[in-house]
Amino acid sequence: MDVDGVLTDGKLYYLPGPDGEMVETKGFDSHDGVGLRSAHEVGLRTGIISGRQSPAVVTRARILGVTYIYQNCWEKLSAYKQILTEAEVGEEEAAFIGDDFTDVPVMKRVGLAIAVANAREEVKAMAHYVTNSRGGSGAVREAIELILRAQNKWQIVLDRYGIDLSL
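Numbering (this note's numbering), first residue to last: 34 to 200.
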C-alpha cells in the first residue's frame, strides 16, 4: 500500500524538533491500525511502498507489524517486485491500495487494485474497487475487510472480539 493519501490523509505537517530542526509528522487512523493488525492475525502479510522517507512511517509500520517497508520509492515497481519475491506470491495474489499517479504502475499489475475514495479520478477509473472511505480515514480497514470477507476470514476476526453476526 501507499502511505501519503492512503494510510494518511495526505497532509504533511512540519513541527520544530528538540534540536530546532523541522520534523515531518503525519496522522494515522486507528481504524486502519486495527484492520492491519487483524489482517496479520489471520495470516495476511502487508507492505508499504512510499515515495517519501519518514521515520513516522517506520514507527507506525513496526507497531502494526507491517512486514515490508519500502520508502523513497518514487518508482514503485522495483520495490513491489522485491516484495513479491520475498513473499513468494504471484501478482494475481497481491493487492495494492493507492491514490495517485505514482501508484498506477503497481495497481496495473496486481490481482486486486484498490483506490481510496479521494484518489485521483484517473486512478479510480483503473481500480478494481474504490473505497467509500477516504485515505487516512479508514480506507485501509475497508480494503482489508473486503479481502478478509472474500477469503472467508472476516468471522475469524470478529470471533476474537466475541462478535457473532449470525445472531
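Ideal Cβ placement from N, Cα and C applies to all residues, glycine included.
{"Check": "DSSP beta-bridge partners of residue 57", "Outcome": "47"}
{"Check": "Cβ pair residue 170, residue 42 closer than 8 Å", "Outcome": "yes"}
{"Check": "Helix, strand or coil at residue 191 [DSSP, three-state]", "Outcome": "helix"}
{"Check": "Assigned secondary structure, residue 40 (DSSP; H/G/I helix, E/B strand, else coil)", "Outcome": "coil"}
{"Check": "Cβ separation of residue 109 and residue 82, assumed to be a contact under 8 Å, to the nearest whole Å", "Outcome": "5 Å"}
{"Check": "Residue of 62, 48, 84 minimising C-alpha distance to residue 174", "Outcome": "62"}
{"Check": "Opposing strand residues paired with residue 145 [DSSP bridges]", "Outcome": "128"}
{"Check": "Other residues of its chain near residue 96: CB distance less than 8 Å, five sequence neighbours each side excluded", "Outcome": "66"}
{"Check": "Cβ-based neighbour list, residue 156, same chain, cut-off 8 Å, excluding 5 preceding and 5 following", "Outcome": "131, 132, 133, 134, 136, 137, 140, 148"}
{"Check": "Residue 40 versus 90, 197, 53, residue with shortest Cα-Cα distance", "Outcome": "90"}
{"Check": "Proximity below 8 Å, CB of residue 94 to CB of residue 181", "Outcome": "no"}
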